[in-house]
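Residue numbers (the numbering used here): 3 to 400.
We treat Cβ as the ideally placed atom computed from N, Cα and C, and that holds for glycine.
Owing to the predicted nature of the structure, the values given are computational and were not obtained by experimental measurement.
Following this line, the structure appears as structure tokens:
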């Protein structure tokens, strides 16, 4: 359990580093005469870096091991943040954001792989509880990062944020060296449940709730500021309150998802959560009442927090004994980036025509994830049964 707790700390630190410069990036470049439109460059380079890293991350981890890979990531992270101190050029800054994206992408694959390995062999309830803590550590990091960045900028100035990021990365290196061990895979030679393109497609369906996590967060980054100011009549700072509330709720509730899944059943916990998310998101796009919107947003966040850990457990059980587990995670992460990117164009375009349509697009993603998850889970369970797999089925009804 000590290893898993160290993994949680690393995940919080990694996400704090990602979020620490979010609230001050436009202000930082404004002092150098950079316009709002030009700021899209660093964000695009960050996403491109993440996509590139998904391609080589599994091979690198297999070659050097999880421990060295994660240590190298945090070392590059610390060096990148230190280099930000001299980045008064937008092109130079964009190049550093590309490096940061590579580190973030590689870290995501390595940390998720370690979470699966460290929880292997546990019963579903205990594993879902730990996966809930792992998922909550993402929300906690994204909550603490912007808060820390804003506080440091207020007390010490904008450039002090980059020093803080370098310190976080350096501290994480020591934690990895002290606590983290590699996660070897012990495949079952006779297991052929996930072979071929069909098996990969089914795994992507089983992974779809985790794809949805990034897609919904990305969508909210676009839609919430617009809807809060245009439709609800609130100030732009209101969007920050919604993100903070989401981070607090997911941090508190995700560790309890194991009890919820044990009570209602793993399959029902996932599909009911996705259904509630879809319904509430549709209604969110139709309302102009701030209190109603708040109630719907909280309900959607609760459904998400209780849905994701059992979905993560189902995927983990499906890939536990696969020799190519790290490669599978890299492919799933790459697919997540590919699926999320079109939303950057679709959502602003649809919102300009009708806010309700834009929110309905996000709700549709929830319904698609619901169908894919249920179908893939049942298909993989049938495959496991047909192959006489003595391991735990990928998805249990209870």
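Whole-Å CB distance - residue i paired with residue j, under 8 Å assumed
i: residue 120; j: residue 9; result: 6 Å
i: residue 12; j: residue 178; result: 7 Å
i: residue 49; j: residue 339; result: 7 Å
i: residue 128; j: residue 268; result: About 13 Å; that fails the 8 Å criterion.
i: residue 107; j: residue 155; result: That pair is no contact at about 27 Å.
i: residue 402; j: residue 226; result: With the chain covering only 3 through 400, there is no way to say anything about residue 402.
i: residue 161; j: residue 116; result: About 33 Å; that fails the 8 Å criterion.
i: residue 1; j: residue 99; result: The structure shown does not extend to residue 1, since the chain is modelled only from 3 to 400, so the question has no answer here.
C-beta contact flag for residue i and residue j at 8 Å
i: residue 276; j: residue 368; result: yes
i: residue 378; j: residue 228; result: no
i: residue 300; j: residue 251; result: yes
i: residue 76; j: residue 171; result: yes
i: residue 211; j: residue 272; result: yes
i: residue 22; j: residue 176; result: no
i: residue 253; j: residue 141; result: yes
i: residue 298; j: residue 279; result: no
i: residue 102; j: residue 130; result: no
i: residue 74; j: residue 104; result: no
i: residue 305; j: residue 256; result: no
i: residue 16; j: residue 123; result: no
i: residue 151; j: residue 163; result: yes
i: residue 145; j: residue 246; result: yes
i: residue 289; j: residue 248; result: no
i: residue 57; j: residue 139; result: no
i: residue 53; j: residue 336; result: yes
Own chain residues within Cβ distance below 8 Å of residue i, not counting five before or after
i: residue 352; result: 359, 360, 363
i: residue 321; result: 118, 196, 205, 327, 330, 331
i: residue 66; result: 74
i: residue 84; result: 164, 165, 168
i: residue 366; result: 280
i: residue 7; result: none
i: residue 125; result: none
i: residue 173; result: 15
7 Å Cβ shell around residue i - same chain, five flanking residues per side excluded
i: residue 342; result: 216, 217, 220
i: residue 208; result: 316, 317, 320, 375, 378, 379, 382, 396
i: residue 292; result: 234, 236
i: residue 18; result: 143, 146, 147, 150, 170
i: residue 199; result: In this prediction, residue 199 has a pLDDT of 49, which is less than 50 and means its spatial position is unreliable; what the coordinates show is noted afterwards. Once the five neighbours on either side are set aside, residue 199 has no close Cβ partner at all.
i: residue 355; result: none
i: residue 348; result: 363
Neighbourhood of residue i by C-beta, 6 Å cutoff - its chain only, sequence neighbours within 5 removed
i: residue 433; result: With the chain running from 3 to 400 in the structure shown, residue 433 is simply not present.
i: residue 192; result: Residue placement at residue 192 cannot be trusted, given a pLDDT of 40 that sits under 50; the coordinates are not used to answer.
i: residue 263; result: 130, 271, 312
i: residue 296; result: none
i: residue 399; result: Bear in mind that a pLDDT of 42 at residue 399, under 50, signals an unreliable position, so the number given afterwards is only what the model happens to contain. Here the set comprises 267, 269.
i: residue 5; result: 120
i: residue 113; result: 13
i: residue 334; result: 209
i: residue 258; result: none
Distance cut-off 7 Å: residue i Cβ against heavy atoms of the ligand GDP
i: residue 261; result: Among the components modelled here there is no ligand, and therefore nothing to report on the ligand GDP.
Short CB-CB distance (under 8 Å) between residue i and chain C
i: residue 267; result: Among the protein chains of the structure shown there is no chain C, as only one such chain exists.
Inside the region 327–367 only - alpha helix (DSSP H) runs reaching at least 4 residues: Fully enclosed alpha helix (DSSP H) runs of no fewer than 4 residues occupy 327–342, 345–355 of the region 327–367, in order along the chain.
Restricting to runs no shorter than 4 residues, where is the alpha helix (DSSP H) found entirely within the region 237–267? The qualifying runs are 239–255, 259–266.
Which runs of the alpha helix (DSSP H) spanning at least 4 residues fall entirely within the region 47–104, listed in chain order? Taking only runs of at least 4 residues, the alpha helix (DSSP H) segments lying wholly in the region 47–104 are 68–85.
Fully enclosed by the region 261–328, which alpha helix (DSSP H) runs are 4 residues long or longer? Here the runs fully enclosed are 268–286, 292–321.
Counting only runs of 4+ residues fully inside the region 129–185, write out the alpha helix (DSSP H) ranges in chain order. You should have 162–181.
Enumerate, from N- to C-terminal direction, the unbroken beta strand (DSSP E) stretches of 3 or more residues contained entirely within the region 207–232. If we require 3 residues or more, the region 207–232 turns out to have no beta strand (DSSP E) run fully inside it.
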